[in-house]
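Just so we're aligned: 320 in this note's numbering is position 320 of the sequence shown, and the numbers increase by one with no gaps anywhere. Every residue gets a Cβ at the ideal spot worked out from N, C-alpha and C, and that includes glycine. Only a predicted model underlies this, so the values are computations on that prediction, with no experimental measurement involved. Encoded as structure tokens, the structure appears first; notes follow it.
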Amino acid sequence: MVIDWDTKPSNTEATLDENGDVIEWTDENCIRYDAFGNAIPTKILCAIEQEEIKLQSEKRLRPIIEHLFNRKQVGFLYGESNTGKSFAALSLLNRVAQGRPWSGLRVAKECHAFYFDGETGVEVKDRNTAWSKKFNGGIKNKRMHILSPQINLFDVGVQNIIISDINSITNNKGGIICFDTLSSFLAYYSKQCIDGKTTLDMDNPDENDAIAMRKLVSILKRIAVETNSFVLMVHHGGKDAAKGMKGAITLKNDCDTVIKLAASDRQTGGNNIAFSVSLTVEKNRSAAKLPVMEFNLCSEDNGITQQELHEIDNELCDYPDEGETGYEAKNSTKTLVFIDKPNKINNDEKTNKEGAFPDRKQAGDESLEAKPSQINKYAQAHTHHHPPTTQQQQQETIETNRSNGETRVVASGFTGEARVKNNDSYIMHMNTLKKLKDAPLQKELYEKIY
């Protein structure tokens with residue numbers, strides 16, 4: 001037995017047994033000792049214990065758009081061609097960058113939005129200009145970033161650049177990232193798998209291949225987690241509308257949110273309304289599903305100038321001779337804008353102009369109404385309201401808390417006195433052993449007695 005004569009037990013970090021004796025104690029450097037002053041080896045946690053501690057320290061997911069998009073998650077926005085998918089995505093991202101509610105749903109503060117367009121090229125600039133004219137006074141959102149790169153998302157080097165640049169721009173605060181569309185970004189695939197070393201057993205990626213699509217979702221998940229953002233992928237609908245998104249079922253299974261846009265056959269109101277679409281939240285892993293809503297898309301100036309129209313006109317040949325038949329077309333200076341002011345769709349297939357959340361206002365000061373999904377049992381279980389407590393119940397609670405407090409004070413005092421007495425006894429014991437170190441027989445007898 002080795003005794004460190006200079007170590008002293010702490011008055012506040014000692015562990016006692018049922019008799020009040022010191023079992024172990026911890027010094028000011030957080031080193032644990034047994035009752036004889038021997039240092040206790042620190043336990044090395046196994047991998048499972050480390051992962052458990054890591055999970056317990058994780059914060060709850062924070063929303064980018066409340067009840068819809070959360071940080072570190074992946075979602076899909078899909079629909080048939082010409083249902084306004086890209087316009088809806090631009091609307092979502094612009095509201096986040098603007099810091100204003102989208103369809104009555106609040107957005108996170110000071111977030112950036114990144115729109116990776118793989119489909120329309122420079123045309124996306126006109127679409128964003130039209131949105132800015134409609135909802136932001138003609139001024140582009142400073143935190144809205146639009147680009148049209150031809151990148152291979154399966155290239156780990158490209159992933160690293162995206163993650164690094166976004167973290168640099170956002171100062172690690174994250175935001176929302178959109179890739180439009182899945183098929184267009186698959187076109188830039190280069191036969192390399194995620195690690196960039198081995199090749200896949202296919203010439204080109206196939207959106208119907210479960211393994212390839214599972215890898216794609218894992219890549220999007222990595223970008224979402226490492227940038228603290230929500231990643232939205234725009235996708236096309238399948239041939240069979242009842243089966244949902246085009247491609248492998250793993251796309252829906254592995255992601256967190258799925259939103260469907262479908263053309264509405266209702267009569268649109270107003271000369272400026274191009275058409276209407278219904279928006280359905282088919283999957284939302286972290287929140288109750290929102291009710292189905294109908295949105296309008298309107299025409300808005302795309303920002304093209306007369307000088308640009310003149311330059312385009314000069315690059316074309318002369319008009320046909322007078323009297324010749326053919327198409328009669330005019331220069332288009334407009335594009336579509338997704339209006340995030342929904343109309344609730346009732347069970348009788350009619351729209352409710354009062355909107356979706358009556359007690360909540362959105363960007364245009366329009367009210368909206370929300371109802372919990374009838375099939376979402378989780379939401380129903382958490383909407384129960386407990387009846388208010390009576391005055392007598394409140395008084396009983398106060399008395400119980402006071403009694404518990406007094407008990408804790410008495411127990412604390414008793415524990416403190418016991419700790420002091422035990423500490424004094426321990427010091428006396430150690431001093432006696434120190435005095436007897438030159439008398440081994442007496443020391444041995446003393447240790448047997450005590």
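Residue pairing from DSSP places Met233 in a beta bridge opposite Phe76 and Phe179. A buried status is given to Met144, since no fewer than 16 other beta-carbon atoms sit within 10 Å of its beta-carbon. The three-state secondary structure of Val156, taken from DSSP, is helix. Straight through space, the alpha carbons of Ile169 and Ala224 are spaced by roughly 15 Å.
Annotation for Lys140: Asn128, Thr129 and Ser132 place their beta carbon closer than 8 Å to its own, counting only its chain and skipping 5 residues before and after.
If you draw a 10 Å sphere on the C-beta of Arg95, you find 16 or more other C-beta atoms in it, and that means buried.
When DSSP reads this structure, Glu444 sits in no beta bridge, so it has no partner. Using a Cβ-Cβ distance cut-off of 8 Å, the stretch 51-63 and the stretch 234-248 are not in contact, since fewer than three pairs of beta carbons, one from each stretch, lie closer than that value. By the Cβ criterion, the stretch 329-342 is in contact with the stretch 79-90, since at least three pairs of Cβ atoms, one from each stretch, lie closer than 8 Å. If the five residues before and after Ile249 are omitted, its C-beta is found closer than 8 Å to the C-beta atoms of Ala210, all from its own chain and listed in chain order.
Taking C-beta atoms as the reference points, Phe230 and Phe69 count as a pair closer than 8 Å. Excluding sequence positions up to five before and after Cys298, its CB lies within less than 8 Å of the CB of Lys134, Gly270, Asn272, Ile273, Ala274, Leu336, Val337 and Ile339, all in the same chain and listed in chain order. In this structure, the beta-carbon distance from Ile304 to Leu77 does not fall below 8 Å. Per DSSP, the beta-bridge partners of Leu105 are Trp102. Inter-residue distance for Gly174 and Phe154 is about 22 Å (C-alpha atoms, whole angstroms).
Residue environment for Gly20: exposed (fewer than 16 other C-beta atoms within 10 angstroms of its C-beta). The distance from the Cβ of Gly37 to that of Cys255 is about 58 Å, inconsistent with a contact at the 8 Å cut-off. At the C-beta level, Thr257 and Lys215 stay beyond 8 Å of one another. Burial of Cys111 is indicated by the presence of at least 16 other C-beta atoms within 10 angstroms of its C-beta. Annotated as distal: Leu93 and Glu66, with beta-carbon spacing of 8 Å or more. Listed in chain order, the non-local C-beta contacts of Gln56 below 6 Å within the same chain number zero, local neighbours out to five positions each way being set aside.
In this chain, the alpha helix (DSSP H) harbouring Val225 covers Ala210 to Thr227. By the neighbour-count definition (other C-beta atoms within 10 Å, threshold 16), Leu290 is a buried residue. A direct Cα-Cα distance of roughly 35 Å separates Leu147 from Asp318. For the pair Gln394 and Glu406, the Cα-to-Cα distance works out to about 19 Å. Note on geometry: alpha-carbon atoms of Asp438 and Ala35 lie some 22 Å from one another.
Leu261 places its beta carbon less than 8 Å from that of Lys85.
Note on the stretch 264-316: whole alpha helix (DSSP H) runs with a minimum of 4 residues are 306-314, in chain order. The Cβ atoms of Gln159 and Arg222 lie closer than 8 Å to each other. Per the DSSP secondary-structure output, Asp117 pairs in a beta bridge with Asp180.
Between Thr181 and Glu119 a beta carbon distance of about 6 Å is seen, short of the 8 Å cut, so the two are scored as contacting. Restricted to the stretch 8-89, the beta strand (DSSP E) segments that are unbroken, complete and at least 3 residues in length are 14-16, 22-26, 32-34, 63-65 and 73-79, listed in chain order. Leu261 is bridged by DSSP to Gly79 and Leu279. Per DSSP, reduced to three states, the secondary structure at Ile151 is coil, with no helix or strand assignment.
The distance from the Cβ of Ser264 to that of Ser286 is about 28 Å, inconsistent with a contact at the 8 Å cut-off. Contact between Asn296 and Ser276 holds: their C-beta atoms lie close to 5 Å from each other, under 8 Å.
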